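According to our numbering, the stretch in the sequence shown is residues 433 to 957, in order. Notes follow the structure.
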Amino acid sequence: MMLKAFLPKSEQRYAALGAVIGALFPAVCIFYHAVIADAGGGWGSGILTISLVSLIVMPLVCGMFFYQRGRAQSCLLDELEQRRKTEENLSRIVHTDQLTGVANRVALERDLCELLVTGSVPAGRTALLMLDLDRFKFVNDSMGHDTGDALLVALGRRLIQAMSGLGAVYRMGGDEFVIVVAGSPSEGKLDDICVTIKGLFAEPFQLSSAQFWTGGSIGVAYMEPEDQTISAVLKRADLALYKAKEIAGNSHMVYAPEMADEATRKGEIEYDLSRALAAGEFYLEYQPIVGIESRAIRSFEALIRWHHPDKGIIPPDHFIAAAEKTGLILPIGNWVLRTACLEAARWPAPTGIAVNVAGDQFKDRAFVPHVKACLAEAGLAPGRLTIEVTESIFLADADIIEESLRELRAHGVRIALDGFGIGFSSINNLRRFPLDQLKLDRSFTQTMLGNQRDAEIVDIILQLGNTFQVSTTIEGIETEGQMEFVRALGASEAQGCLISRPVSAEGAIAILQREPQRTVERSFG
Ligand code: C2E
Ligand code: MG
């Protein structure tokens, strides 16, 4: 220690050692000479002189020699240390997400592969939590990518802090994070961890000058002993995440084997869809919408069905999402619009036709011209067509949607906001977008008579309709009690099995002919 204090560099200590070794031989010679001399013998003065000179020269020579050896060795050690640091840096860069500073996908693959290779999975079931932000696309699209990045950075920080001692955090890319929880956590413990993660969204995120609230959905899966690759467990977590996202948002789901079966079924549907349109397997049914006071038919809503050669009749809820995912919603949606307009042209004016339109259809610049072309081809007055959209379409590309809606409305087409009450139910959407009609989601109709809160929501939505001067349609009316309830609250129109189930094209004509006492009347707004 003392030596290191005086001679901090290793080559200095080598030089000192060389000097000591170099001095040793002449010193022994001089000592020997002195002892022999004492005994009366002794070397000649020449040898003594050489020894004395060596005592000066040898330490210098040996010191220099050792110094050079020491220097070469310390250079080598320095280089090795430098390399170790460079490798460490490289590894950190390769395994760290540059935006958020948390470990990245490569690190996750490395760590999970280690578990698979060391075979520690059977002994301790590691769990994987896949977290995906709700509404991240909305942030990116409407507030810009810098704001989206800031949200991810802030979330990364919150996750690292909250998961300290509980699990390792990784960012997979985009708005997807993974938390690995080792040590056979029970489902109860995973539930607690999910609740903790969801709790991170209770506080708003401060993004540039605004505060932003969001939520996250989580899919949970365990690593299994039979997993050969990490993609197997990632796929299970992804399936659970997909299921969690189907629930409102800010929710979590643990993987169950039925999810894989459902995914396979959906995969088959996606594959089949591409064939179905050309094979003419789609057809439309029409459900009447009546004025509440008069019960006169005002319009019909066109509802698509798929007559599958093996699976029978498939309802739209089972394939519209797949059609959106595959992009087939564009040709299918165009077919629905044209078929519905041509059919409505057979009805007595001013009976209207309502057509559901998915958000992706608006992204197609050819959509508005297609609507106009369908109306022209059918010879249908634009005021008889209502386009039904859901609020989710306002989340992305709001400017394009607004422009298209305004153009359609300027042409005379009516716009209805479908399924209002579920989803975001934003008053701002009512202010910003040009609307003629609000359609209250049928889930409220089912519960409003037995649930005070839902009854109040229906009342509030009807008042909103009044405030914004749009007509209000109540979906899913099944009983006279429901009809009377919404009539008393001032709703304009009703749709549901009480009036009629969806019927075929011929069935719609039969209804119109059979009930002449129900004078057809025009929707207001
Ligand atoms: P939606 O626009 O809200 O359509 C009303 C749904 O409520 C229809 O289900 C209809 O059959 C059902 N319904 C009507 N009356 C009653 C009732 O009294 N009780 C109950 N429980 N249900 C009733 P459907 O036909 O299965 O359609 C489901 C959804 O699929 C539609 O909801 C719409 O969002 C979508 N959809 C249907 N056709 C199309 C289409 O051509 N294009 C697009 N993009 N979506 C479509
Ligand atoms: Mg609808």
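Positions of the beta carbon are idealized from the N, C-alpha and C atoms, including for glycine. Just so you know, these numbers come straight off a predicted model, no measurement behind them.
With the rule of 3 Cβ pairs closer than 8 Å, the segment 639 to 649 does not count as touching the segment 613 to 622.
In the structure shown, Gly744 falls within a strand segment according to DSSP collapsed to helix, strand and coil. With a minimum length of 4 residues, the unbroken runs of alpha helix (DSSP H) contained wholly in the segment 724 to 775 fall at 752 to 758. Under the DSSP definition of a beta bridge, Pro720 partners with Phe732. Where Gly495 is concerned, there is no enclosing beta strand (DSSP E), although the alpha helix (DSSP H) around it starts and stops at Ser477 to His527. Bounds of the beta strand (DSSP E) holding Asn788 are Gly784 to Asn788.
A direct Cα-to-Cα measurement between Gly605 and Arg537 gives close to 7 Å. Separation of Glu925 and Tyr687 (C-alpha to C-alpha, rounded to the nearest whole angstrom) is 42 Å. Between Lys871 and Ile832, the C-beta spacing is not below 9 Å. Nearest to Phe900 by alpha-carbon distance, out of Phe826, Pro763 and Ile859, is Ile859. Taking 9 Å as the cut-off, the beta carbon of Val902 is found no closer than this to the beta carbon of Leu921. Rounded to the nearest angstrom, the gap between the Cα atoms of Val601 and Ala813 is 58 Å. Restricting attention to beta strand (DSSP E) runs no shorter than 3 residues, the segment 821 to 860 encloses them at 846 to 852, ordered along the chain. With contacts defined as CB atoms closer than 9 Å, Glu443 and Gln505 qualify as a contacting pair. Within the DSSP bridge table, the entry for Glu925 names Gly723 and Thr905 as partners. Taking the Cβ of Glu733 as the reference point, at least one heavy atom of ligand 1 falls within a distance shorter than 8 Å.
In the three-state scheme derived from DSSP, where H, G and I count as helix and E and B as strand, Met880 is classed as coil. Near ligand 2, meaning a beta-carbon closer than 5 Å to one of its heavy atoms, we find Asn788, Glu820 and Asp850.
Relative to ligand 1, the beta carbon of Lys757 is positioned no closer than 8 Å to any heavy atom.
Per DSSP, the unbroken alpha helix (DSSP H) holding Phe799 starts and ends at Phe799 to Ala810. Scanning its chain for C-beta atoms nearer than 6 Å, with the 5 sequence neighbours on each side dropped, one finds around Ala695 the residues Leu671, in chain order. At a Cβ-Cβ threshold of 9 Å, Arg590 and Leu632 count as neighbours. Between Ala753 and Arg816, the beta carbon gap of about 29 Å keeps them out of contact (Cβ cut-off 8 Å).
For Glu907, the distance from the CB to the nearest heavy atom of ligand 1 is below 8 Å. In summary, Cys545 is exposed, with fewer than 16 beta-carbon neighbours lying within 10 Å of its beta-carbon over all protein chains present.
Lys804 has its CB no nearer than 8 Å to any heavy atom of ligand 1. When the five nearest sequence neighbours on each side are left out, the beta carbons in the same chain lying within less than 6 Å of the beta carbon of Thr532 are those of Leu584, Val585, Gly588 and Arg603, in order along the chain. Between the alpha carbons of Met595 and Lys630 lies a gap of roughly 12 Å.
Inter-segment contact for the segment 750 to 766 and the segment 787 to 801 is present: three or more beta-carbon pairs are separated by less than 8 Å. Relative to the Cα of Leu944, the nearest Cα in the group Asp886, Asp623 and Ile729 belongs to Ile729. Around the CB of Tyr464, fewer than 16 other CB atoms lie within 10 Å, so the residue is classed as exposed. In terms of Cβ geometry, Ile854 and Thr877 do not form a close pair [threshold 9 Å].
Check the Cα spacing between Arg846 and each of Lys743, Asp607, Thr818 and Gln638: the tightest is with Thr818. In this structure, Lys871 has its beta carbon less than 8 Å from a heavy atom of ligand 1. Between ligand 1 and Arg933, a heavy atom-to-CB distance of less than 8 Å is present. Scanning its chain for C-beta atoms nearer than 7 Å, with the 5 sequence neighbours on each side dropped, one finds around Leu439 the residues Arg445 and Ala448, in chain order.
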